[in-house]
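Colleague: Before I ask anything, let me first share the structure, which is written out below as structure tokens.
Numbering (the working numbering), first residue to last: 777 to 1201.
Following this line, the structure appears as structure tokens:
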């Protein structure tokens, strides 16, 4: 997501020590970069805004905003990427209305059928190392945070399993239910669903100084890890078309991700920090692009993706974020704004967030009732409520399901923002 202006805000991250009986490790002094295990809500989390990474013909990678929104009904033929459709809307007084465009993932709502998109999941474990790159041990335990225990839970969640939603006449996935709520007059057969494909597990190595960590109650790694966002992005995104060391570069050259996919890089309780922000970031969606080849007609290759963390309740965020809260936030935003360039009028959300992008999760994140319980696979998960397209269109009344501006909780967002000046100044 592209960085935007926000009002100055100050939040203090307070950590609480959890006393764990009389175990030997708990009595050991903390390492300089070790954080105590919190027993209560201690931080506020947000979704990060990360510019797309564009790799030019000379191999140099640059950060840049996405290309201008297309106005066609399908993806531009000059781009090799995920299937999309586009639309537009007008905002402003009748004498000075301004036209805004959007591009979303899937076939448009005029398509009477189901679109199934491959959704690779790249599970990523963390190998926390010493400053010299050697393996690190604390209290005799290796600092290696394995993502494996969380993969099956992600697959069992409403992001990839069907559940009942009022926007659909049949059981469906969470992101599809939100999109159907936005285009509620679409044919009942119109659906956009994700086919999860778990790919080779990867390992991100991080040198001491780029992370902080908290151990589990038993003294093993890890309850959660805080990672410097700049380091994280450099380790995640490829630096060139030939890069095989970054996580995305490894997955790309292994054939695990393709331009037509909706890719998730999935981490265990991994949260990003930024010296320029007091927030802790739990995910982002973006894309990286490579030059075209003769095999694809020399079209730009654009890989849409998201980083999302599994969130165990009460290890850091309290219960405001749980299980797939971050994954749901990022996947819905990716589908609503795949190229991070759906410009809207400036808006200010109930949580104080101010920006001008069609980012439905950002409007409601951090609110006390932001998540919505959904039961699948015999377990209750907590995806996040999302703002609907009609809220960004400043549409009154809303033409979405039940005249709502949010979903699945149709009463969470009851009023529009005013059209704000740039930066909400």
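Using N, Cα and C, we set each Cβ at its ideal position, and we do this for glycine too.
Measure the beta-carbon distance from residue 1099 to residue 949 and round it to whole angstroms, keeping in mind my assumption that it falls under 8 angstroms.
Modeller: Between residue 949 and residue 1099 the Cβ distance is about 15 angstroms, and since that is not below 8 angstroms, they are no contact.
Colleague: Around the Cβ of residue 848, are there at least 16 other Cβ atoms within 10 angstroms (buried) or fewer (exposed)?
Modeller: Unreliable placement is indicated for residue 848, whose pLDDT of 33 sits below 50; the coordinate value is still reported in the next sentence. The residue in question, residue 848, is exposed, as its Cβ has fewer than 16 Cβ neighbours within 10 Å.
Colleague: Measuring only between beta-carbons, confirm whether residue 937 sits less than 8 angstroms from chain C.
Modeller: Reference to chain C is not applicable here, since this structure consists of a single protein chain.
Colleague: So, helix, strand or coil for residue 966, using DSSP?
Modeller: Here residue 966 sits in coil by DSSP.
Colleague: Can you tell which of 903, 1135, 894 has the C-alpha that lies nearest to the C-alpha of residue 978?
Modeller: The option with the nearest alpha carbon to residue 978 is 903.
Colleague: Is it true that the segment 1180 to 1191 meets the segment 1158 to 1166, where meeting means three or more beta-carbon pairs spaced less than 8 angstroms apart?
Modeller: The segment 1180 to 1191 is in contact with the segment 1158 to 1166.
Colleague: Taking Cβ positions, are residue 1014 and residue 831 nearer each other than 8 angstroms?
Modeller: Yes; because the gap between Cβ atoms is below 8 angstroms, this pair is in contact.
Colleague: Does the segment 916 to 927 come close enough to the segment 891 to 907 to have 3 or more Cβ pairs within less than 8 angstroms?
Modeller: Verdict: yes, contact present.
Colleague: Any contact of the segment 877 to 887 with the segment 962 to 972, i.e. 3+ C-beta pairs under 8 angstroms?
Modeller: Result yes; three or more Cβ-Cβ pairs closer than 8 angstroms.
Colleague: Rounded to whole angstroms, what is the Cα-Cα separation between residue 782 and residue 953?
Modeller: Confidence at residue 782 is low in this model, with a pLDDT of 35, below 50, so the placement of that residue should be treated as unreliable; the coordinate-derived value is given next. Going from the Cα of residue 782 to the Cα of residue 953 covers about 30 angstroms.
Colleague: Enumerate in chain order the residues of its own chain whose CB-to-CB distance from residue 1202 is below 8 angstroms, with the five nearest sequence positions on each side excluded.
Modeller: In the structure as shown, the chain starts at 777 and stops at 1201, and residue 1202 therefore has no counterpart that could be examined.
Colleague: Which term fits residue 988, buried or exposed, when burial requires 16 or more other beta carbons within 10 angstroms of its beta carbon?
Modeller: Counting Cβ neighbours within 10 Å, residue 988 comes out buried, since at least 16 surround it.
Colleague: For the alpha helix (DSSP H) that contains residue 953, what are its first and last residues?
Modeller: First-last of the alpha helix (DSSP H) with residue 953: 950 to 958.
Colleague: Is any heavy atom of the ligand SAH found at a distance shorter than 7 angstroms from the C-beta of residue 1063?
Modeller: This structure simply doesn't include the ligand SAH, nor any ligand for that matter.
Colleague: Hey, could you find the ends of the beta strand (DSSP E) residue 1010 is sitting in?
Modeller: Note, residue 1010: premise wrong, no beta strand (DSSP E); alpha helix (DSSP H) at 1005 to 1012.
Colleague: Where do the ends of the beta strand (DSSP E) carrying residue 863 lie?
Modeller: Note, residue 863: beta strand (DSSP E), 860 to 867.
Colleague: Give the DSSP-derived three-state secondary structure of residue 1201 in the structure shown.
Modeller: Correct three-state label for residue 1201: coil.
Colleague: Of all the options 1172, 1077, 889, 1191, which has the alpha carbon lying nearest to the alpha carbon of residue 1139?
Modeller: Of the listed residues, the one whose Cα sits closest to residue 1139 is 1191.
Colleague: Between which two residues does the alpha helix (DSSP H) carrying residue 897 extend?
Modeller: Careful: residue 897 lies outside any alpha helix (DSSP H), inside the beta strand (DSSP E) at 890 to 905.
Colleague: On the criterion of 16 or more Cβ atoms from any shown chain inside 10 Å, does residue 1071 qualify as buried, or is it exposed?
Modeller: The residue is exposed, with fewer than 16 neighbouring Cβ atoms inside 10 Å.
Colleague: Taking residue 1035 as the reference, give the member of 1057, 1054, 1049, 1068 with the closest Cα.
Modeller: Among 1057, 1054, 1049, 1068, the Cα nearest to that of residue 1035 belongs to 1068.
Colleague: Take every Cβ of the segment 1146 to 1157, pair it with every Cβ of the segment 854 to 867, and state whether three or more of those distances are shorter than 8 angstroms.
Modeller: No contact exists between the segment 1146 to 1157 and the segment 854 to 867.
Colleague: Contact between the segment 1038 to 1047 and the segment 1082 to 1092: three or more CB pairs below 8 angstroms?
Modeller: Cβ pair count under 8 angstroms is three or more, so yes.
Colleague: Where does the unbroken beta strand (DSSP E) through residue 1112 begin, and where does it stop?
Modeller: Premise fails: residue 1112 lies in the alpha helix (DSSP H), 1101 to 1112, not in any beta strand (DSSP E).
Colleague: Who does residue 856 pair with in a DSSP beta bridge?
Modeller: 1077.
Colleague: Note down the Cα distance separating residue 1096 from residue 1090, rounded to an integer number of angstroms.
Modeller: Those two C-alpha atoms are separated by around 9 angstroms.
Colleague: Looking only at C-alpha atoms, which of 1167, 1200, 854, 1195 sits nearest to residue 873?
Modeller: With distances taken between Cα atoms, residue 873 lies closest to 1195.
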